[in-house]
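Trainee:
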Amino acid sequence: LAQKLEKQERTTLKLQKQLRAYAKQIQDLTGKCLLGRELQLKPGSRASPKEGSALMPTVLSPPDYRPQSSPGVLPDLPAYILFMCFRHADHCCDEPRARSLLDAAVNAIKRVMKKHSDDFDVVALWLANACRLLNCLRQYGRDEVGYWQENTARQNEHRLHNVDPQGACRSLGALAIQLYQQLIRTAEKGLKPMIVAAMLESETIQGLSSARPPGPRRPLAAPAHTLPELLLQLGSFHEALSCQGLPATVVHQAIRQLLFLISGTTLNYLLLRKDACSWSRGIQLRYNISQLEQWLRAEGLHQSGAREVLEPLVQAAQLLQVKKATEEDAGAICSLCTVLSTQQVVKILRAYTPAAGLEERVSPSFISSKRLQEQNPEGPSQLLVDTCHLFPVHLPFSASSVHLDELHIPESIDLAFLLRV
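Start counting the sequence shown at 8; every next residue gets the next number (our numbering).
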């Protein structure tokens, strides 16, 4: 009897082991996810890859996913797919799988950025997806009442219940900041060679070259770049950011950063090149700045903060045009140059070349006058602008109106290993 009982216990353990294996297989089969070719999910459906990292090479590969090649497709579609996979892990109370999925997504995006770091469109695309995935985790999270308050009843059916997304939000927030910084560096590479030629060397006002001060002159060769080319490049960046579905506030911050580069680079050139400081150059520069301001208004960016970063350059251009002789002139300059440092004002005045027969050279006594030396004591103290400075980026919450059970997935994205559940 003891032997028979022992045999039955072994059989019971074996059957229990098989039962657990079958249960796991059933869970895996029902856990296969999402979005086949019909592109409509049943209400409450959830998504999860058979292997956590299997989704990454397909969805996060730029050659396989170019939203512009599929009209009507959301640029941040990969973010929605990844979030639905995260939801399935939440439904299964499988926090390790959810964490593994997000880690794989972050690492895959980093690999894409390393390979395509100089492609502005690709960087913008994955910045938009990182922001969207971060906002989905907030919008459908468990505890952030302020984030899901505006959800519809259908959207609230998709909220997370078991997995805490806070760790994933921190990782995605850090990734989004890295992507934003890479985006700015990529744009700066395209802008830097154009700035000086477009802002200071191209003659957008005809005839000003004849008013240049006397002295040795370089031949007036055609500038390497013109102001219209610079504006075209800025427009290209703005269009790419808008087409990728980035929040407007992020787009505004990026444009502000690029205008800061243009302003700082141009001002530094004025401060370092004596032949750049003249009345005619001030007229030309102010006109070019007005073209930038007009472009900002035309693109709806006049409230982005970009106009404010142009102010030092505006004041430098005005300084080149005002009278510079009497004590009253010194007072006017102090009232005018509120964001320029004393060093910058003095440097421009010392480098200023007067128009022949129309002006006198700025006297040393005027430059050393007490009013000028005490100009803007609470302002910046540096001479040159640090054009490498990056303003801190703010990634605001932006709720999505998309219903997860209505996502359309194009056939060009090969997700054969994903099933509708």
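Positions of the beta carbon are idealized from the N, C-alpha and C atoms, including for glycine.
Quick caveat: nothing in here was measured; it's all calculated off a predicted structure.
1) For the candidate residues Ala160, Lys117, Gln162, whose alpha-carbon lies nearest to that of isoleucine 184?
2) Quick one, are the C-beta atoms of leucine 134 and valine 329 less than 9 Å apart?
3) Specify whether the stretch 244-262 and the stretch 277-296 touch according to this definition: at least 3 beta carbon pairs, one from each stretch, less than 8 Å apart.
4) Helix, strand or coil: how does DSSP classify threonine 349 here?
5) Which complete alpha helix (DSSP H) runs does the stretch 321-348 hold, if anything under 4 residues is left out?
6) So within the stretch 102-187, which uninterrupted alpha helix (DSSP H) runs reach at least 4 residues, ignoring any that extend past its ends?
7) Cα separation between leucine 140 and glutamate 300?
8) At 4 residues or longer, what runs of the alpha helix (DSSP H) sit wholly inside the stretch 236-322?
9) Taking proline 371 as the reference, give the member of Gly338, Thr333, Ser388, Pro82 with the closest Cα.
10) Using the rule of at least 16 other Cβ atoms within 10 Å of the residue's Cβ for burial, across every protein chain shown, is alanine 363 buried or exposed?
11) Just mark lysine 14 as buried or exposed, buried being the case when its beta carbon has 16 or more other beta carbons within 10 Å.
12) Within a Cβ cutoff of 6 Å, which residues of the same chain sit near valine 321, ignoring the five residues on either side of it in sequence?
13) Output needed for leucine 278: all residues of its chain with C-beta closer than 6 Å, excluding positions within five of it in sequence on either side, in chain order.
14) Go ahead and pull the three-state DSSP assignment for threonine 233.
15) According to DSSP, simplified to helix, strand and coil, what is threonine 394?
16) Can you name, in chain order, every residue of its own chain whose Cβ lies under 7 Å from the Cβ of alanine 205, other than the five neighbours on each side?
17) From the DSSP output, in three-state form, read off glutamine 47 for me.
18) In whole angstroms, what is the alpha-carbon distance linking cysteine 395 and alanine 339?
19) Between the alpha carbons of valine 129 and methionine 120, how many angstroms are there, rounded?
20) Going by DSSP, what residue range makes up the alpha helix (DSSP H) through phenylalanine 404?
21) Could you give the first and the last residue of the continuous alpha helix (DSSP H) run that contains proline 85?
22) Given valine 203, which residues of its chain have a CB within under 6 Å of its CB, disregarding the five upstream and five downstream residues?
23) Below 7 Å CB to CB, which residues in the same chain sit around glutamate 157 once its five sequence neighbours on both sides are set aside?
24) With 16 other CB atoms within 10 Å as the buried threshold, where does glutamate 208 fall?
25) Since leucine 379 and cysteine 341 should fall inside the 8 Å C-beta cutoff, what is the C-beta to C-beta distance between them, to a whole number of angstroms?
26) Can you name the start and end residues of the alpha helix (DSSP H) that glutamine 380 belongs to?
27) Pull up the distance between the alpha-carbon of tyrosine 294 and that of isoleucine 212, whole angstroms please.
28) The alpha helix (DSSP H) that contains serine 372, what's its start and end?
29) Which residue from Leu186, Leu303, Leu132, Leu198 puts its Cα closest to that of leucine 248?
30) Work out the CA separation of cysteine 143 and lysine 24 for me, nearest whole Å.
31) Pull the bridge partners of threonine 360 from the DSSP assignment, please.
32) Assuming the contact rule is C-beta atoms closer than 8 Å, aspartate 97 and asparagine 169 should be a hit. Round their C-beta distance to whole Å, please.
33) Helix, strand or coil: which one does DSSP assign to leucine 411?
34) Closest to glycine 197 by CA distance: which of Gly153, Gly242, Glu102, Asp171 is it?
35) If contacts are defined as beta-carbon pairs under 8 Å, then valine 369 and leucine 390 qualify, I think. What distance do you get, rounded to the angstrom?
Mentor: With the given structure in hand:
1) Lys117
2) no
3) no
4) helix
5) 334-343
6) 102-122, 127-146, 152-155, 160-163
7) 34 Å
8) 255-279, 286-305, 313-316
9) Thr333
10) exposed
11) exposed
12) Ile296
13) Lys354
14) coil
15) coil
16) His232, Thr233, Leu234, Glu236, Leu237
17) Note that glutamine 47 scores 34 on pLDDT, short of 50, meaning its location in the model is unreliable; the coordinates nonetheless yield the value given after this. Correct three-state label for glutamine 47: coil.
18) 32 Å
19) 8 Å
20) Segment: none, phenylalanine 404 is in no alpha helix (DSSP H) and carries neither H nor E.
21) 84-98
22) Tyr276
23) Ala406
24) buried
25) 7 Å
26) 377-380
27) 8 Å
28) 371-374
29) Leu132
30) 39 Å
31) Ser285
32) 5 Å
33) helix
34) Gly242
35) So it is not a contact: roughly 18 Å between Cβ atoms.
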